[in-house]
Amino acid sequence: MTRTLLLAALSVGMMGCASQLPLPEDDGRYQAPPSDIIAASGEDETVLPAELLAASNPTVDPSPRARAPMSPPLRQRQPKPGTIFGEAAPVAEDNPVDLKDETQLIVAPTTFTPAVPVTATNADMTAVPPQTAPLDFTADASPVPLETLGVEERTAIEAFIAQVNEERDALGFPPLTYSAALSGIATGHVAYLAHIQDVTSEDANGRGIGQRLLRHDYLPNVAGSLVAGGYADYMDAFDSWRSNKVEFSRLLLRHASDIGVARVTDPTSRYYAYIEVIVAGH
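Terminal number for the sequence shown in the working numbering: 262, no gaps in between.
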């Protein structure tokens, strides 16, 4: 028993001594593990300064660069496909929207592959061979009567005009009638656009919509033009124009009475397909 008491006393004594040992000094600095020190690395490399590394963790050697994988780059927003362009002559006072003669261009992809190629057809449903655009784009365009177009093209144009007139009717404006003269002007212009592989309101003579209509006795302040590049379907172009109030208002001129529509497809051209719509009033 005496031996047991001696061992117990010795154990208590050792614990007391241990409790009296001095604690290591706390210098107030956070002892960060190496994994807490992160430096970005990559093409645009940014590394924490050596002083900052040493201050945050004195046990880390600041000479080697601490590295961590760089986060993957954010995906960039892609431009909306299709190109839309609009132009209007000086605005009539009763026009519902205050238009400006300015360019609004959304860049289209440099390549365009339609799901279904657009092919005009004759009344007997035989394909119409592609028309070769005249080399002299400065000459005045010939009228394009609706009945001279293929069935598919004529049907597409009639559906497009009906959609435009539906929008005009909702505003209490009179409907538009197909114009062979305006369609001839539009046809010559889209052929020129396919040739230069660009989208612009000016023709080969540098004339805007107002000057192009002078010889046809249309009022200079009641005329508007919309051009689409990268759209092979009339209704796709219509939806793009309708999504922009300023663009679409060029089809809603109160005193406009006539409308001309034309499109051309050229697989070798930058935007593949070009559409123009012209509205005007006498």
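A virtual CB, placed ideally from N, CA and C, is assigned to each residue, including glycine.
List in chain order: all unbroken beta strand (DSSP E) runs of 3+ residues lying wholly within the stretch 132 to 213.
203 to 209
Express the C-alpha separation of glutamate 182 and methionine 215 in angstroms, rounding to a whole number.
For the purposes of this step, residue 215 is taken as residue 235 along the sequence shown, with counting starting at 1. For the purposes of this step, residue 182 is taken as residue 202 along the sequence shown, with counting starting at 1. So the two alpha carbons sit approximately 24 Å from each other.
Quick check: leucine 151 and leucine 233, are their CB atoms within less than 8 Å of each other?
The residue you call residue 151 lines up with position 171 of the sequence shown. The residue you call residue 233 lines up with position 253 of the sequence shown. Not a contact, by the Cβ cut-off of 8 Å.
Is it buried or exposed for isoleucine 176, if we count other Cβ within 10 angstroms and need 16 for buried?
Counted from its first residue, the sequence shown places residue 176 at position 196. Classification for isoleucine 176: exposed.
Can you give the Cα-Cα distance for phenylalanine 228 and aspartate 116, rounded to whole angstroms?
Locating residue 228 in the sequence shown gives position 248, where the first residue counts as 1. Locating residue 116 in the sequence shown gives position 136, where the first residue counts as 1. Their Cα atoms are separated by approximately 31 Å.
Give the single residue among Thr128, Ser122, Leu162 whose Cα lies nearest to the Cα of histidine 262.
Start at 1 with the first residue of the sequence shown, and residue 262 comes out as number 282. That would be Leu162, whose Cα lies nearest to the Cα of histidine 262.
Can you tell me which of the three DSSP states aspartate 116 falls into?
For the purposes of this step, residue 116 is taken as the residue at position 136 of the sequence shown. Three-state result, aspartate 116: coil.
Quick check: the Cα distance between leucine 206 and tyrosine 198, rounded to an integer number of angstroms?
Start at 1 with the first residue of the sequence shown, and residue 206 comes out as number 226. Start at 1 with the first residue of the sequence shown, and residue 198 comes out as number 218. Cα-Cα distance, rounded: 17 Å.
Output the boundary residues of the beta strand (DSSP E) element that contains valine 259.
Here the question's residue 259 lines up with position 279 in the sequence shown. Per DSSP, valine 259 belongs to the beta strand (DSSP E) from 253 to 260.
Verify the CB distance criterion: does valine 244 have a CB-CB separation below 8 Å to chain C?
Given the protein chain composition of this structure (a single chain), no chain C is represented.
According to DSSP, is valine 226 helix, strand or coil?
Counting from 1 along the sequence shown, the entry for residue 226 is found at position 246. The answer is helix: DSSP assigns valine 226 an H, G or I state.
Taking the C-alpha atoms as reference points, what is the distance between valine 267 and glycine 204?
Lying outside -19 to 262, the shown extent of the chain, residue 267 is not represented and no answer is given.
Would you grab the beta carbon distance between isoleucine 165 and alanine 236 for me? Rounded to a whole angstrom, and I think it's under 8 Å.
For the purposes of this step, residue 165 is identified with residue 185 of the sequence shown, where counting begins at 1. For the purposes of this step, residue 236 is identified with residue 256 of the sequence shown, where counting begins at 1. Going by Cβ atoms, the distance from isoleucine 165 to alanine 236 rounds to 15 Å, so no, they are not a contact pair.
Compute the distance between the beta-carbons of alanine 160 and proline 125, then report whether it is under 8 Å.
Within the sequence shown, numbered from 1, the residue matching residue 160 stands at position 180. Within the sequence shown, numbered from 1, the residue matching residue 125 stands at position 145. With respect to proline 125, alanine 160 sits close: the two C-beta atoms are nearer than 8 Å.
Do isoleucine 255 and alanine 184 count as a contact pair if the criterion is CB distance below 8 Å?
As a working note, residue 184 is residue 204 in the sequence shown. As a working note, residue 255 is residue 275 in the sequence shown. Isoleucine 255 sits away from alanine 184, with the two beta carbons spaced by 8 Å or more.
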